[in-house]
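To start, the structure itself, in structure tokens.
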Amino acid sequence: MTNIPFIMLEDKSSDVPLYRQIYEAIRPAILSGEFNRGMLLPATRLLAKQLGVSRMTVVNAYEQLLAEGYIEGKTGAGTYVAATLPEEMLRVDEDKLLQRKVSTTPRNQILSRRGKWLASTNVTTLRVQADSDHYAFQNGLPALDEFPFKVWSQLAARRLRNPPRELLGYGDPAGYLPLRAGLAAHLKSARAVRCDASQVIIVAGSQQALDLTARILLDPDDVACVEDPCYPGARNALLSAGAKVVPVSVDGEGFDVTNALRQSKHPRLVYVTPSHQFPLGVTMSLSRRLALLEWARRSGAFIIEDDYNSEYRYAGRPLASLQGLDQDGRVIYVGTFSKTIFPSLRLGCIVVPKDLTDAFIAARSLIDRHSPSLDQAILADFINEGHFTRHIRKMRSLYA
Numbered sequence: 537m538t539n540i541p542f543i544m545l546e547d548k549s550s551d552v553p554l555y556r557q558i559y560e561a562i563r564p565a566i567l568s569g570e571f572n573r574g575m576l577l578p579a580t581r582l583l584a585k586q587l588g589v590s591r592m593t594v595v596n597a598y599e600q601l602l603a604e605g606y607i608e609g610k611t612g613a614g615t616y617v618a619a620t621l622p623e624e625m626l627r628v629d630e631d632k633l634l635q636r637k638v639s640t641t642p643r644n645q646i647l648s649r650r651g652k653w654l655a656s657t658n659v660t661t662l663r664v665q666a667d668s669d670h671y672a673f674q675n676g677l678p679a680l681d682e683f684p685f686k687v688w689s690q691l692a693a694r695r696l697r698n699p700p701r702e703l704l705g706y707g708d709p710a711g712y713l714p715l716r717a718g719l720a721a722h723l724k725s726a727r728a729v730r731c732d733a734s735q736v737i738i739v740a741g742s743q744q745a746l747d748l749t750a751r752i753l754l755d756p757d758d759v760a761c762v763e764d765p766c767y768p769g770a771r772n773a774l775l776s777a778g779a780k781v782v783p784v785s786v787d788g789e790g791f792d793v794t795n796a797l798r799q800s801k802h803p804r805l806v807y808v809t810p811s812h813q814f815p816l817g818v819t820m821s822l823s824r825r826l827a828l829l830e831w832a833r834r835s836g837a838f839i840i841e842d843d844y845n846s847e848y849r850y851a852g853r854p855l856a857s858l859q860g861l862d863q864d865g866r867v868i869y870v871g872t873f874s875k876t877i878f879p880s881l882r883l884g885c886i887v888v889p890k891d892l893t894d895a896f897i898a899a900r901s902l903i904d905r906h907s908p909s910l911d912q913a914i915l916a917d918f919i920n921e922g923h924f925t926r927h928i929r930k931m932r933s934l935y936a
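Using the working numbering, read the sequence shown as starting at 537 and increasing by one per residue.
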């Protein structure tokens with residue numbers, strides 16, 4: 537018979553389960569050495585009799601100790617205190633660690649070419665200070681105090697009250713279908729974009745859209761033309777993909793296609809903000825738009841149309857989007873809700889030619905699988921129930 541050192545249960549009427557009281561009595565005894573390494577513990581039936589509890593209570597305590605590595609069972613031979621305790625397995629041998637030779641190779645030398653570029657360039661210029669005192673005139677930030685948060689919170693509460701399983705599991709990398717369908721209808725009406733829901737892919741804002749497009753369409757050393765001056769995030773996305781970025785001047789009619797032709801006859805990609813050039817605010821003329829589309833058709837280039845700030849045009853008739861004028865599937869349309877709703881929503885869209893949808897959806901799934909489904913559903917309700925259009929109308933009057 538094996539005698540175990542004295543164990544006293546706290547109180548059989550205590551809120552602490554009896555198996556846990558046994559566990560809490562044995563574990564400290566093992567750690568203190570009162571129970572020696574390799575010591576044979578009493579059989580569960582015997583210990584249960586000694587303590588006046590059920591055998592299953594002792595079994596549960598032993599199983600907890602076994603799972604944590606404090607004891608080990610030997611078939612046909614009983615249960616023993618473990619030779620090596622869990623705490624020892626986690627302990628670091630500091631002397632050996634200090635004796636290891638420290639590498640003198642600079643950390644940035646082990647990076648890929650893309651990683652080295654990211655480490656050396658000032659891409660952090662896109663970051664903002666989380667200080668409300670610096671927000672009043674921040675570029676691209678909407679009037680947040682005018683947003684209908686009461687409506688938004690009601691839509692969110694309705695969705696959260698009894699969300700369907702499809703919104704709680706993994707979603708479609710292309711995005712929540714009702715949102716994509718709602719966006720297709722809205723863009724057709726507001727921007728003359730020609731697409732159906734299958735061409736709309738939901739992304740985490742325009743910056744992800746630019747990075748995604750650059751990854752898919754550019755190989756290292758491909759030529760990409762951009763406006764000069766240009767949105768820094770677009771230029772950085774193209775450079776990060778290894779492109780040779782060619783700046784093209786902007787005048788009163790927008791992107792100068794004639795100048796672009798002189799600088800690069802065969803670009804792979806062209807980035808423009810035709811509706812509201814960033815940062816000059818110029819609108820690309822219709823003749824320039826048609827010339828750019830013809831150049832893209834002849835050269836085989838693709839055009840990224842960043843429809844920046846297109847919702848807020850105050851003078852003259854709005855021009856149709858480049859995508860709406862495109863007859864050859866050369867335009868990738870990029871839109872975001874950061875400028876119309878609030879930036880932290882991190883939702884935007886890409887409208888791609890039908891023959892490119894599979895590639896874009898596959899790449900989208902590799903980046904972060906998909907955007908948050910519940911946020912997409914709330915935004916879908918906001919658009920499909922007319923709240924978004926009313927909000928834009930109100931903001932146009934406010935900004936005018």
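Yeah, the Cβ is synthetic: ideal placement off N, Cα and C, and Gly gets one too. Computed from a prediction, not measured in an experiment: that's the story for all the values here.
Residue i, DSSP secondary structure in three states
i    : result
I607 : strand
A740 : coil
I646 : helix
A760 : strand
I877 : coil
Y712 : coil
G569 : coil
Y671 : Residue placement at Y671 is flagged as unreliable, the pLDDT there being 45, under the threshold of 50; the coordinate-derived value follows with that caveat. It is coil, neither helix nor strand.
Y616 : strand
L858 : helix
H923 : helix
V808 : strand
T872 : strand
For residue i, the first and last residue of its enclosing beta strand (DSSP E)
i    : result
S785 : K780 to D787
F838 : F838 to D842
V687 : Counting along the chain, V687 falls outside any beta strand (DSSP E), though it belongs to the alpha helix (DSSP H) covering F685 to R697.
V888 : Counting along the chain, V888 falls outside any beta strand (DSSP E), and DSSP gives it neither H nor E.
Nearest to residue i (by Cα), restricted to the options the options
i    : options                   : result
S811 : R804, M820, P803 and L805 : M820
G788 : V818, T809, A796 and C766 : V818
L822 : F791, R804 and G612       : F791
I903 : E599, A584, E560 and I752 : I752
V806 : P564, K875 and E763       : E763
Q735 : A710, E702, T615 and L621 : A710
R581 : M575, E570, V594 and K890 : V594
G884 : L723, P756 and G778       : L723
P564 : G778, C761, E623 and K548 : E623
E830 : G865, A745 and P815       : G865
Status (buried if at least 16 other CB within 10 Å, exposed otherwise) for residue i
i    : result
H802 : exposed
V552 : exposed
S689 : exposed
S846 : buried
G871 : buried
L934 : exposed
D669 : Because the pLDDT at D669 is just 48, under 50, the model does not fix this residue reliably, and the point stays unresolved.
I566 : buried
I558 : buried
F685 : exposed
G707 : buried
Residue i, enclosing alpha helix (DSSP H) - first and last residue
i    : result
G769 : P768 to S776
P893 : In the sequence as displayed, the identity of residue 893 is Thr instead of Pro. Run containing T893: T893 to D904, per the alpha helix (DSSP H) assignment.
L910 : S909 to N920
V793 : V793 to Q799
L822 : L822 to S835
L582 : T580 to L587
Next item on the list: May I ask you to verify whether the stretch 715-730 touches the stretch 854-867, counting CB pairs closer than 8 Å and requiring at least 3?
Entry: Yes, they touch.
Note to self: Does the structure place the stretch 708-724 close enough to the stretch 824-831 that three or more beta carbon pairs sit under 8 Å?
What the structure shows: Contact between the stretch 824-831 and the stretch 708-724 is absent, because fewer than three Cβ pairs lie under 8 Å.
Notebook entry, point to check: Counting pairs of beta carbons, one from the stretch 904-917 and one from the stretch 715-726, are three or more of them closer than 8 Å?
Noted result: Flag = yes, the stretch 904-917 and the stretch 715-726 touch.
Margin query: With a threshold of 8 Å, are at least 3 pairs of Cβ atoms found where one atom belongs to the stretch 885-900 and the other to the stretch 736-747?
Written below: Yes: at least three Cβ pairs fall under 8 Å.
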